[in-house]
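A.B. asks: Submitted below is the structure of interest, expressed as structure tokens.
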DNA sequence: TTGGCAATCTGTAACGTTTCAGTATATTGC
DNA sequence: GCAATATACTGAAACGTTACAGATTGCCAA
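Residue numbers (this note's numbering), protein chains in the order written: chain C, 5 to 354; chain U, 5 to 354.
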């Protein structure tokens, strides 16, 4: 048996969710007219339009998503594609909140599409496109030559990337200016007299790894400091790995007196490694670190900190996808977030 | 004009997504038969069934979600309802990952439904129920008398709560045994000779606030220690507030020599406040803290730590909702996670 | 032979929406 | 005064799925 009420079309029982048919019955109009009136179609009389919209508001009419989706193919869904194991935690929720904030004022729902263990990052994208499960997609962990971005461009589905690509293709993105971050960080360290600097890099292969490395190198030559290579780990490595490798590095004769770190959690490991080697932050070494939540200064007040706002990133990304869906030019939906100043929480004379 | 191909029903062009009609054409059967065959209905011949399923797999048939949803009312969606501003960050992403993990092997999608600024927590629930946007719901920040749980029970939508309620109503939940956590924490502190203990509580009003407070009180009388009241802040307060209030507390004549803290971020503030007052962790005070990601020991090795696994919570919650949707008894879908042992990272003789 | 029945399979309708191709009525041009 | 036209509205069809109520076939008992 059908799971719904058996009397077909009982407009009197107010219990069921109102549909266009309900509205048509109440206003004495046809469903077509009601449908058009609700979306302000020009061929509907002004008064009729107002009347329909009034009644719709009164009885709390909400278009049935399945109906719309089946008929039009529009899902009213934005998908955020996440790597289940690599994404650093706190930053994910900030992005989600940022995206939500923007979608809240729209008919769009946010669905989280995970991809896990050494799976092809293209898999979830293919799934979304093939099943038509979303009108727009947001991806992160963007690479210079990103198969996912290319695929989505080819298939004409609007998307935005967290981080830029470098394939000569134009698409919406939001990025933090990691080049500028690295430059400012090096300048700051140099200004404190640090001359032998090491960089704890972003994950190799991601676009912002290159940005950061380049900014670091550019600034090194600008200030005339030298680099102590530290490429055995990145912020994607485990806390333990970073810690032990750092300790090894710091026990060598030629060791850095300054670090630039691209993530807060990695910085914790970095400091631990430094202290394992018997050295002291603020005396033997200084560190400039990015962070996304305001906690690092509690960890060690000697840390020099630059904030990266992932909530903002989420909002920008959502706005970009919506803009593209809305017909804006992809090239006009790109934004770059400039790092704020380097923050110090402890006077150097303390 | 229709946005789709104009020739109606061209089974030859392999470009469009296959539907039941496509399968019916290819197998020479009727759509009804195909539909039934795919779901292993008994009145379909065994060979036909195999044949249909083979073809379906070959051409990569996937049921159209909108079609199913419109016809059956089933959305194949689970909604995770989140407070956009209060939820501690890292823990949210862990839950999401946990939920995703379980949903990955099912046809279910995960949608994140946020509610923000001093909004009624019931609003998003009402929205979900009224618009029929999900087959199941997961909520957190559960209260002893939780309007959301009551509402969902009344409206017959399956859900699971992160944390228990106390209304005499039965529903699926997953909870961490915070009573046991507080008990173990107090015992540990007492075992180290700490006699004047303070509790940095969970947010007042949430169920696990009560559990924690009770466990703390029970253990205090068990070990014969006394409580130093510290109820001006909870882990929901800002880092700065916790820090200053802690410093104030620690400057008083009668001050705690041991703390139990319900969250990692709050513990950072706690330690900062203690050190602001010129006291030293491990010497003047000891702290047992919960954490959800494995970082606190890097912050201060003197910290005593109990892990809470939010990823597990997410998985359990997802399993519970799916179980309820699948017809299991709500009472059989409740789980309690017992705290592991208190972890120490620095020998007391160090 | 015929009636009954089990085993398979099928057509139709409906879920709620939008688009297409109208229809009916009033208005204008000449 | 009459055709042409603009204005306001409407029914039918379709998107892909499932439930219901048949339809067809073969087989067996009487």
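Yeah, the Cβ is synthetic: ideal placement off N, Cα and C, and Gly gets one too. As the structure is a prediction and not an experimental result, all values here were calculated from the model.
For the segment 53-75 of chain U, enumerate the residues whose C-beta is nearer than 9 angstroms to any C-beta of chain C, in chain order.
C.D. replies: From the segment 53-75 of chain U, only 64, 66, 68, 69, 70, 71, 72, 73, 74 and 75 have a Cβ closer than 9 angstroms to chain C.
A.B. asks: Pick from C/191, C/142, C/42 and C/134: whose alpha carbon is nearest that of residue 176 of chain C?
C.D. replies: When only C-alpha atoms are compared, the closest one is C/142.
A.B. asks: Strictly below 8 angstroms CB to CB, what residues from chain C border residue 299 of chain U?
C.D. replies: Those within 8 angstroms of residue 299 of chain U in chain C are 243, 269 and 272.
A.B. asks: Taking the CB atoms as reference points, tell me whether residue 310 of chain C and residue 220 of chain C lie closer together than 8 angstroms.
C.D. replies: Cβ atoms of residue 310 of chain C and residue 220 of chain C: not closer than 8 angstroms.
A.B. asks: Looking at chain U, is there any beta carbon in it that lies within less than 8 angstroms of the beta carbon of residue 113 of chain C?
C.D. replies: Chain U contact via Cβ: present.
A.B. asks: Going by DSSP, what residue range makes up the alpha helix (DSSP H) through residue 25 of chain U?
C.D. replies: Per DSSP, residue 25 of chain U belongs to the alpha helix (DSSP H) from 24-31.
A.B. asks: Decide if the segment 109-126 of chain C is in contact with the segment 103-116 of chain U; the criterion is three or more beta carbon pairs, one per stretch, under 8 angstroms apart.
C.D. replies: Enough Cβ pairs lie closer than 8 angstroms, so yes.
A.B. asks: Please list, in chain order, the chain C residues whose beta carbon lies closer than 7 angstroms to that of residue 135 of chain U.
C.D. replies: In chain order: 66.
A.B. asks: What residues from the segment 97-111 of chain U come within 8 angstroms of chain C, judged by C-beta to C-beta, listed N to C?
C.D. replies: Result list: 97, 98, 100, 101, 104, 105 and 108.
A.B. asks: May I ask you to report which of helix, strand or coil DSSP gives residue 234 of chain U?
C.D. replies: Coil, per DSSP.
A.B. asks: Please state whether the Cβ-Cβ distance between residue 274 of chain U and residue 292 of chain U is less than 8 angstroms.
C.D. replies: For residue 274 of chain U and residue 292 of chain U, no; Cβs fall outside 8 angstroms.
A.B. asks: For the segment 189-198 of chain C against the segment 249-266 of chain C, are there 3 or more C-beta pairs whose distance is under 8 angstroms?
C.D. replies: Contact holds: three or more Cβ-Cβ distances are below 8 angstroms.
A.B. asks: If you draw a straight line from the alpha carbon of residue 242 of chain C to that of residue 271 of chain C, how long is it in whole angstroms?
C.D. replies: Rounded to whole angstroms, residue 242 of chain C to residue 271 of chain C spans 12 angstroms at the Cα level.
A.B. asks: Distance, Cα to Cα, residue 155 of chain C vs residue 269 of chain C?
C.D. replies: C-alpha separation (whole angstroms): 33 angstroms.
A.B. asks: Please determine if the segment 125-135 of chain U and the segment 80-90 of chain U are in contact, where contact requires at least 3 C-beta pairs separated by less than 8 angstroms.
C.D. replies: Touching, per the Cβ criterion.
A.B. asks: Can you name, in chain order, every residue of its own chain whose Cβ lies under 7 angstroms from the Cβ of residue 3 of chain U, other than the five neighbours on each side?
C.D. replies: This structure leaves residue 3 of chain U out entirely; chain U is present only between 5 and 354.
A.B. asks: Kindly indicate if chain U contains any beta-carbon less than 8 angstroms away from that of residue 118 of chain C.
C.D. replies: So yes, residue 118 of chain C belongs to the interface.
A.B. asks: Which first and last residues belong to the alpha helix (DSSP H) in which residue 36 of chain C is found?
C.D. replies: First-last of the alpha helix (DSSP H) with residue 36 of chain C: 35-42.
A.B. asks: For residue 414 of chain U, tell me which candidate among U/347, U/333, U/326 and U/251 has the shortest Cα-Cα distance.
C.D. replies: It is not possible to answer for residue 414 of chain U, since the shown part of chain U is limited to 5 through 354.
A.B. asks: Between the segment 164-193 of chain C and chain U, which residues of the former have CB atoms less than 7 angstroms from a CB of the latter, in chain order?
C.D. replies: Listed by position along the chain: nothing, the set is empty.
A.B. asks: Is the segment 332-346 of chain C touching the segment 17-33 of chain U, taking contact as three or more C-beta pairs under 8 angstroms?
C.D. replies: Segments in contact, no.
A.B. asks: Give every residue of the same chain whose Cβ lies closer than 7 angstroms to the Cβ of residue 213 of chain U, excluding the five residues on either side of it in the sequence, and list them in chain order.
C.D. replies: Same-chain partners within the cutoff: 205, 206 and 207.
A.B. asks: Between which residues of its own chain and residue 149 of chain U is the CB-CB distance below 6 angstroms, once the five residues before and five after are set aside?
C.D. replies: Correct list, in chain order: 171.
A.B. asks: Output needed in chain order: residues of the segment 293-317 of chain C with a Cβ under 8 angstroms from some Cβ in chain U.
C.D. replies: So the list reads 297, 298, 299, 302 and 303, given in the order they occur along the chain.
A.B. asks: Whole angstroms is fine: what's the gap from residue 66 of chain U's alpha carbon to residue 72 of chain U's?
C.D. replies: Going by the C-alpha atoms only, they are around 11 angstroms apart.
A.B. asks: Are there 16 or more other CB atoms within 10 angstroms of the CB of residue 153 of chain C, so buried, or fewer, so exposed?
C.D. replies: That one is buried.
A.B. asks: Quick one, are the C-beta atoms of residue 50 of chain C and residue 38 of chain C less than 8 angstroms apart?
C.D. replies: No.
A.B. asks: Per DSSP, residue 338 of chain U is paired with what?
C.D. replies: Its beta-bridge partners are U/177.
A.B. asks: Give the interface partners of residue 88 of chain U over in chain C, defined as CB-CB distance under 8 angstroms, in chain order.
C.D. replies: In chain order: 101, 104 and 105.
A.B. asks: Is the Cβ of residue 276 of chain U closer than 8 angstroms to any Cβ of chain C?
C.D. replies: Closer than 8 angstroms to some Cβ of chain C, the Cβ of residue 276 of chain U qualifies, so yes.
A.B. asks: Residue 218 of chain U to residue 187 of chain U, Cα distance in whole Å?
C.D. replies: For residue 218 of chain U and residue 187 of chain U, the distance between alpha carbons rounds to 9 angstroms.
A.B. asks: Going by C-alpha distance, which of C/76, C/33 and C/145 is nearest residue 60 of chain C?
C.D. replies: Out of C/76, C/33 and C/145, C/33 has the C-alpha closest to the C-alpha of residue 60 of chain C.
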